[in-house]
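To get the numbering used here, take the position in the sequence shown, counting from 1, and add 37.
Glycine included, C-beta positions come from ideal geometry on N, C-alpha and C.
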Amino acid sequence: MAELKVEHESHRMGMHTEQLAGRTQQVFFHPSEEENFTYPMAHEVDFNKRAEIDIADMDTTEANLKIRSLMKEGHGTIVVRNPQGKHGLGVGILNRLNLIFEGSLGYFGCGLIDGPNVRISGRVGWSCAENMMAGTVTIEKNAGSTFGAAIRGGDLVCKGDVGSRTGIDQKGGTIIVGGKTGAFSGFMMQRGRMVVLGDTSENLGDSMYDGTIYVGGKIKSLGVDAVEAEMTELDKKWLTAKLKIYDLETPNGVDNMTKIVSGKQLWNYDNLEPAEKKLVL
Numbered sequence: 038m039a040e041l042k043v044e045h046e047s048h049r050m051g052m053h054t055e056q057l058a059g060r061t062q063q064v065f066f067h068p069s070e071e072e073n074f075t076y077p078m079a080h081e082v083d084f085n086k087r088a089e090i091d092i093a094d095m096d097t098t099e100a101n102l103k104i105r106s107l108m109k110e111g112h113g114t115i116v117v118r119n120p121q122g123k124h125g126l127g128v129g130i131l132n133r134l135n136l137i138f139e140g141s142l143g144y145f146g147c148g149l150i151d152g153p154n155v156r157i158s159g160r161v162g163w164s165c166a167e168n169m170m171a172g173t174v175t176i177e178k179n180a181g182s183t184f185g186a187a188i189r190g191g192d193l194v195c196k197g198d199v200g201s202r203t204g205i206d207q208k209g210g211t212i213i214v215g216g217k218t219g220a221f222s223g224f225m226m227q228r229g230r231m232v233v234l235g236d237t238s239e240n241l242g243d244s245m246y247d248g249t250i251y252v253g254g255k256i257k258s259l260g261v262d263a264v265e266a267e268m269t270e271l272d273k274k275w276l277t278a279k280l281k282i283y284d285l286e287t288p289n290g291v292d293n294m295t296k297i298v299s300g301k302q303l304w305n306y307d308n309l310e311p312a313e314k315k316l317v318l
């Protein structure tokens, strides 16, 4: 059996020698397990096979079923016109797919996805891409609160401003905000990376367990157990490469970004005495 080629750009950048604290969430696969790389219900699609649908007169259920029907027919690129801010569009897609929304989405858009590449030309409401596992979601305008809640993998990008609690309970992946983010962003963050090119509001990284937050603008205040750390050459290389993918730039260059990590004072919080808990908080 041929050996898997493991020399990727991430290896050359040193990402795999980086020591991350906490429990590992890496999962290693063997070539013989190829049948487990995709979901049993996933469809074979051709990205060159394109379909366009207008959902102005459809409700959310009809629109989502139509997207699935087109995937089943082998369409790998689907353009959705006139989403008109409907809630819950593009959710639960466990398939490789190019999905383009020409317009804005409402609440819980593109949640619970694993694999598709989504582009949204407008804005999105609360909880976009919550519990996302893999793939990419790019929003050209602004996003609401709880953007990327509990995200586990993939890249979630908003080129505008976002609301409060961005990346709440983030468990992996990368969240990139081209503008500002609201209060309590990174709250209870457990893993992954968050990049905010603009300013952040109050309590950034409050109660974060692990992970890294990079900020290009001003930080109004840090939350409990969030502390500033030194920017390394690895951080700068990773930021430069990642931002280039989405044609984004930080206002003052990656050298001048602020890095925030967990102070790890809450790791054994449950073992503290009540009086000690008051001191921490």
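Cα atoms of Leu234 and Thr218: separation of roughly 9 Å, rounded to the nearest angstrom. Sequence-distant Cβ neighbours of Asn179 in its own chain, meaning closer than 6 Å and more than five residues away, are Arg160, Gly197 and Asp198. CA-CA distance, Leu280 to Glu81, rounds to 31 Å.
In this model, Lys103 and Gly204 are separated by some 30 Å (Cα to Cα).
Here Asn293 carries a helix assignment [DSSP, helix/strand/coil]. Setting aside the 5 residues that flank it on each side, Met245 is surrounded in the same chain by Gly223, Met226, Ala263 and Ser299, each with a C-beta closer than 6 Å to its C-beta; the list follows chain order.
Across the structure, Gly248 and Leu276 are spaced so that their CA atoms are roughly 15 Å apart. For Ile137, the three-state secondary structure derived from DSSP is strand. The beta carbon of Tyr283 lies closer than 6 Å to those of Val194 in the same chain, with the five residues before and after it left out. Shown here for Met78: same chain residues with a beta carbon closer than 8 Å to its own, the five before and five after excluded, namely Leu131 in chain order. The distance from the Cβ of Thr287 to that of Gly260 is about 22 Å, inconsistent with a contact at the 8 Å cut-off.
Assigned with DSSP and collapsed to three states, Ser299 falls in strand. In this structure Leu271 is exposed. Its beta-carbon is surrounded by fewer than 16 other beta-carbon atoms within 10 angstroms. Assignment of beta-bridge partners to Thr287 by DSSP yields no partner. For Ile250, the uninterrupted beta strand (DSSP E) run begins and ends at Thr249 to Val252, by DSSP.
When the Cα atoms are used, Ala187 and Gln121 turn out to be separated by approximately 26 Å.
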